[in-house]
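Be aware that the sequence shown starts at -12, since it is given in this note's numbering, and climbs by one per residue.
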Amino acid sequence: MSKIDKRLLRRGGVALGLAMAASLLLSAIAWLLAKNGLWTQPMLGIEIMAAVYVVFFAPLFYTFVQQKSVVDRIEREQEESLLRDVTTRLYKSKVFRELAGTQIRLCKRNGWPVGMILMDIDQLAGINKAYSFDAGNQVLSHFAAILKETIRESDLVARFDDDRFVVLLPNCDINSAKRVVQRFQNQILSTPLTVDKKEIKIRFSCGVVSFAGRVAKFNHLINRANVALEQAKKKGGNRIELF
C-alpha cells in the first residue's frame, strides 16, 4: 500500500470515528433526557441523528472518495509515464523491446514473416534551431500521431531514441512493409505541421527489413534495419532503403 493510500485510509478512519462519536454522544444525551422525562419524542432523536450524519459525515466521506479518485488518476498517469514517452505518447524503447520479443515469438510459432521499420526524422536539429525546441517537440508529436494512424492495430510502434522511431510488423514481408512506409510518407507529406503560421514539411529517412518468422531475432532485425537506415541517410536522406 502506498503512503498516499495509507494517508487516505487514516482520513477515512477519522471520518468514521467522528461519525460514531457523534452517534454515541447523541445517544447518551437522548438517554439522559428520556431518563429525566425531558424527551418525549423518540422519532425526533432519530431525525436529529440523521441530520448530524448528513451534516458532518457525508462531506467527510465525499472528500475521502474525491481524494481517492485523484490519487487513482495520479497513479495511472505515473504508470503510463513509465511505459510511454511523454512527448509522443508512444512506447519507450525498453518497453518496445519486451513487447516485440513476445510478437516475434508468436510469429515463430506460426511461421509468419516479421517486418521492422526504423525511421529517423531528417534535420530535426535544424528545425529546433530555426524555430524552437518546442516546435521540434511538436514535430515529434505530429510525426508520431500520423504514424499511429497509418499502421495496423497489431503493429508495435515506439520512439526508439531522440528523433528515431521503430515499428514492428508481425506477419509482414518486405514488400508489405515497404508499402506501409510509402503510405505513411504520403500522409506525412500531405499534412504539414503549422508552427507560428509557418508550414514545416517533415521528411524522414527509413530502413526496412523483414525476416522469416522461424529465424527472426530482435537484435538481427534492429541491426539490419539500422544498416538500411544509415544507407538512406548517406544517400541524402528523405528516402526508403530495404536491407
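In this text, a Cβ means the ideal position worked out from N, Cα and C, and glycines have one as well.
I believe residue i touches residue j by the beta-carbon criterion, under 8 Å. Please report the beta-carbon distance rounded to the nearest angstrom.
i, j, result
"M103", "L155", "6 Å"
"N198", "G88", "As written in the sequence, residue 198 is Phe, which differs from the Asn given in the question. F198 to G88, Cβ: 14 Å. No contact."
"V195", "V168", "6 Å"
Between residue i and the rest of its own chain, which residues show a CB-CB distance below 7 Å, the 5 nearest in sequence each way excluded?
i, result
"S119", "none"
"G200", "C94, K95, N97, G98, W99, P100, V101"
"D148", "S80"
"V182", "Y118, A122, Q125"
"L111", "G123, V126, D150"
"A219", "S192, C193, G194, R226, I227, E228"
"I208", "In the sequence under discussion, the amino acid at residue 208 is Leu, which differs from the Ile named in the question. Hits under 7 Å: V101, M103, V196, F198."
Considering only the beta carbon of each residue, do residue i and residue j sit closer than 8 Å?
i, j, result
"T75", "A131", "yes"
"V214", "F191", "no"
"L77", "A164", "no"
"E136", "C193", "no"
"I91", "A203", "yes"
"L134", "F171", "yes"
"D150", "I108", "yes"
"I187", "I114", "yes"
"I161", "I175", "no"
Would you call residue i buried or exposed, if buried means 16 or more other Cβ atoms sit within 10 Å of its Cβ?
i, result
"S177", "exposed"
"D142", "buried"
"L69", "exposed"
"A8", "exposed"
DSSP beta-bridge partners for residue i?
i, result
"T75", "None; T75 has no bridge partner."
"F198", "V101"
"I187", "L180"
"R146", "F152"
"S192", "D107"
"G227", "A small correction: the amino acid at residue 227 is Ile; Gly does not occupy that position in the sequence shown. In the DSSP output, where bridge partners are listed per residue, I227 has C193."
Keeping to the same chain, check which residues put their C-beta closer than 6 Å to that of residue i; ignore five residues upstream and five downstream.
i, result
"G224", "D109, S192"
"H129", "L180"
"N173", "none"
"N158", "W99"
"L86", "L143"
"K221", "none"
Is the CB of residue i under 8 Å away from at least one CB in chain B?
i, result
"F152", "In the structure shown, chain B cannot be found, because there is only a single protein chain."
For residue i, which residues of its own chain have a beta-carbon under 8 Å away from its beta-carbon, when the five flanking residues on both sides are left out?
i, result
"E217", "G194"
"K185", "Y118"
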